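A.B. asks:
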Amino acid sequence: MLDANNATRRPRVVRALVAAGAAAVLAAAALAAPTPASAAVSRAELALRWAPIHYQDVDATGSHALSGQSDYLTRVDFDGDLDGRNNWDRAGQAGAPLAAHAYYSVVETSTHWYITYFFFHPRDWTDHPFFETEHENDGEGALFAIERDGSTYGVLRSAVTVAHSDFFSYTPTGSTWTSGAESVDGTLGFQASPHDAFQHPVTAQEAQGHGLKAHPQYDINGDGLVYYPSTVAETPSSGNDRDVRYQLIDIFAAGGLWAQRSNASLFASLGTFAGDTSGDCGVGTWSCSTNSANAPWGWDDGNDASARGEIASDPAKLSAAYFTVPTGLARTYSYNPYAGAAAALAEAARTTPPTVD
């Protein structure tokens, strides 16, 4: 891997971050590698502790693959601006900075922490000429429910992942949670990280369309990347780099994604990224769709009980619907910045057309 914080190890220098993006990045000093402690854990430490080891399949075939770089994780403002309509084009420019980042948000009740992880790609692409579409921007991810059992970091009870317009639910081995209104789709595995002392949950994304499930329901097929949560952002050395560290960004940080939710350059509507058909998007395949990627507060499984965006904004409701929980599951939030926009989110859920990411 190439360390984005070490110019001597990199063939090119990452463009200086814009002020809004820089404010969102978790500084290493504030997000040290977590170690058990008697003091209350911070939300940043909690997010780092449970952040997944993430397998990313890579396809290097076709011009839209950018030799595999179209499957690299990066930040929304990787190109130095908050314009969602130039990301497809900028990703294809020589030397595009694609250091590894992922976003998170934490909301809390008296009984649980809920952590949403959001993985961004500048392109949702295909190399197939028939009946398949591609689009600018791509955002999928996962919700982890952590029971507050009195230990420093709690215990992970469930995961719900986003694969396009469908959610998939998982429980770790030994979890007390079982199927509810939705059947559990599999087991969430864990793996040791070489970069800290913890076992982390393991997730994976497919190439091209980037649907996300628990590993190994998706897996690397040939070339691929293995991303590890860390306090630094590295750029893969190639499309087959099996040790790449990614840095977390707080969605609720000052100037961050949530603060930018009304930025018309970045979002076409509440929870839906702006994306157009510029560049070669759609060339050689069926079509290029516009405004076709969602932030977590826009994620939706259209045939389940929870409304659009509630996987992030009201995860206790979704968890109570998806799972049978034998212990108490509080529904009142002690910390939930999404709640300040509850009326707008509800209206968007009622009126926004479905977006297939």
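According to mature numbering (1 follows the signal peptide of the UniProt record, and there is no 0), the stretch in the sequence shown is residues -39 to -1, 1 to 318, in order. The beta-carbon is built from N, C-alpha and C at its ideal position, and this holds for glycine as well. Just so it is clear, the structure is predicted and the values come from calculations on it, not from any experiment.
At which residues does the beta strand (DSSP E) containing L117 begin and terminate?
C.D. replies: 116 to 124
A.B. asks: Residues bridged to V187 by DSSP?
C.D. replies: Y16
A.B. asks: Using the C-alpha atoms, what's the distance from A8 back to S191?
C.D. replies: 11 Å
A.B. asks: Consult DSSP for Q208 and reduce its assignment to one of helix, strand or coil.
C.D. replies: In this structure, Q208 counts as strand in the three-state DSSP scheme.
A.B. asks: Hey, would you say W258 sits closer than 8 Å to Y299, going by beta carbons?
C.D. replies: yes
A.B. asks: Please classify G263 as buried or exposed, where buried requires at least 16 other C-beta atoms within 10 Å of its C-beta.
C.D. replies: exposed
A.B. asks: Quick one: what does DSSP say L9 is sitting in, helix, strand or coil?
C.D. replies: helix
A.B. asks: How many angstroms separate the CA atom of D180 from the CA atom of L173?
C.D. replies: 10 Å
A.B. asks: Going by the beta-carbon positions, is the gap between G236 and R46 smaller than 8 Å?
C.D. replies: Result yes, Cβ atoms of G236 and R46 sit closer than 8 Å.
A.B. asks: Ignoring anything shorter than 3 residues or poking outside the stretch 226 to 286, list the beta strand (DSSP E) runs there in chain order.
C.D. replies: 228 to 230, 248 to 250
A.B. asks: Give a yes or no on whether the C-beta atoms belonging to H73 and E108 are separated by under 8 Å.
C.D. replies: yes
A.B. asks: Do you know how far the Cα of G150 is from the Cα of I76?
C.D. replies: One C-alpha to the other measures close to 17 Å.
A.B. asks: May I ask you to report which of helix, strand or coil DSSP gives A307?
C.D. replies: Helix, per DSSP.
A.B. asks: Give me the Cα-Cα distance between S250 and V2, rounded to the nearest whole angstrom.
C.D. replies: 42 Å
A.B. asks: Just tell me which of F159, A142, H89 has its CA closest to the CA of Y114.
C.D. replies: F159
A.B. asks: Quick one: what does DSSP say H73 is sitting in, helix, strand or coil?
C.D. replies: Three-state DSSP puts H73 in a strand.
A.B. asks: Going by DSSP, which residues form a beta bridge with N182?
C.D. replies: D184
A.B. asks: If we ignore side chains and look at the alpha-carbon of each, how far apart do R36 and A57 end up?
C.D. replies: 12 Å
A.B. asks: Taking the alpha helix (DSSP H) that N48 falls in, what are its first and last residues?
C.D. replies: 48 to 52
A.B. asks: Nearest CA to the CA of T137: which residue from A309, N255, S112, T285?
C.D. replies: It is T285.
A.B. asks: Less than 8 Å between the beta carbons of V68 and Y283, yes or no?
C.D. replies: no
A.B. asks: Indicate whether V187 and I14 have their beta-carbon atoms separated by less than 8 Å.
C.D. replies: For V187 and I14, yes; Cβs fall inside 8 Å.
A.B. asks: Using a 10 Å radius around the Cβ and a threshold of 16 neighbouring Cβ atoms, would you call Q54 buried or exposed?
C.D. replies: exposed
A.B. asks: By Cβ distance below 7 Å, which residues in the same chain neighbour L290 in space, the five residues on each side in sequence not counted?
C.D. replies: Cβ neighbours of L290 beyond the five flanking positions: T72, H73, A277, S280, A281.
A.B. asks: With DSSP as the reference, label R4 as helix, strand or coil.
C.D. replies: helix
A.B. asks: Enumerate in chain order the residues of its own chain whose CB-to-CB distance from G200 is below 6 Å, with the five nearest sequence positions on each side excluded.
C.D. replies: V19, A21, G29, D184
A.B. asks: Can the beta-carbon of F105 be found closer than 8 Å to that of L117?
C.D. replies: yes
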